[in-house]
Ligand SMILES: [Zn+2]
């Protein structure tokens, strides 16, 4: 008896005339192992935008163009991200994503902060492996650079979420009702979006 995992598929090897019932329960007993192996597989299939020349911005697919040019920039009409090929492409890409997210965050924070009445001292944008944002009692609000790949309504949800942490740190019912008041019921769709598509927004060099 053996289980192999190959390109996201689970293959079970068993003798020909084995009791099917028994086989199912045996495979079931290995489900934790299978789940962890599958998760590892997904980890390895992070997007490599500099290889595929595709990158998500605001929920849309943009094409990466590498050429000699004075400045790296994003063309929102043509949906292209233009990188100066003479510079470090990965660094240029992250810088552009960060600037784009930063501009949108400024707008979104200005939109929600007065009503939520939340204060912070420092805003950070950086690459995180497993979070979209954070809010610390020390006055630092932080966002994952890769949030720029999500649609704007999802980015706004994360902004509201982190700002609401100013009042309630735990993810308890009073926290969620605060999010509901300031963002609306659609916050459930936004959470679902990040659960379902979050992994696809992860990139590596
Ligand atoms: Zn939170």
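In the UniProt record's numbering, the protein residues as written are 1 to 205. The beta-carbon is built from N, C-alpha and C at its ideal position, and this holds for glycine as well.
Any heavy atom of ligand 1 closer than 8 Å to the CB of residue i?
i, result
"residue 167", "no"
"residue 143", "no"
"residue 161", "yes"
"residue 135", "yes"
"residue 182", "no"
"residue 197", "no"
"residue 207", "Residue numbering for the chain in the displayed model covers 1 to 205; residue 207 lies beyond these limits and cannot be assessed."
Among the options, whose alpha-carbon lies nearest the alpha-carbon of residue i?
i, options, result
"residue 55", "39, 124, 37 and 94", "94"
"residue 9", "16, 35 and 22", "35"
"residue 197", "59, 40, 2 and 37", "59"
"residue 101", "69, 152, 181 and 29", "152"
"residue 194", "52, 98, 161 and 22", "161"
"residue 294", "40, 30 and 185", "In the structure as shown, the chain begins at 1 and stops at 205. Residue 294 is therefore absent and cannot be evaluated."
"residue 241", "38, 2, 203 and 6", "Not covered by the structure: residue 241. The range shown for the chain is 1 to 205."
"residue 80", "64, 30 and 27", "64"
"residue 78", "61, 71, 67 and 70", "61"
"residue 140", "103, 148, 124 and 12", "124"
"residue 106", "92, 72, 143 and 76", "143"
"residue 121", "138, 181, 201 and 11", "138"
"residue 145", "103, 180, 69 and 15", "103"
"residue 130", "74, 180, 203 and 189", "203"
"residue 11", "181, 31, 186 and 177", "31"
"residue 33", "99, 16 and 5", "5"
Counting contacts by CB-CB distance shorter than 9 Å, is residue i in contact with chain B?
i, result
"residue 143", "Going by chain labels, chain B is absent from the structure shown, which holds only one protein chain."
Does at least one heavy atom of ligand 3 sit under 8 Å from the Cβ of residue i?
i, result
"residue 177", "Only ligand 1 can be found as ligands here, which leaves ligand 3 out of the picture."
How about the segment 156-169 and the segment 112-121: do they share at least three Cβ pairs that are nearer than 8 Å? yes
Any 3 or more C-beta pairs closer than 8 Å across the segment 99-116 and the segment 143-159: yes
Contact the segment 131-148 vs the segment 75-92: 3+ CB pairs below 8 Å: no
Quick one: which unbroken beta strand (DSSP E) runs of 3-plus residues sit fully inside the segment 53-130? Chain order, please. 54-57, 60-67, 73-75, 80-84 and 122-126
In chain order, which continuous runs of the beta strand (DSSP E) of length 3 or greater are located wholly inside the segment 134-165? Within the segment 134-165, the complete beta strand (DSSP E) runs of at least 3 residues are 140-144.
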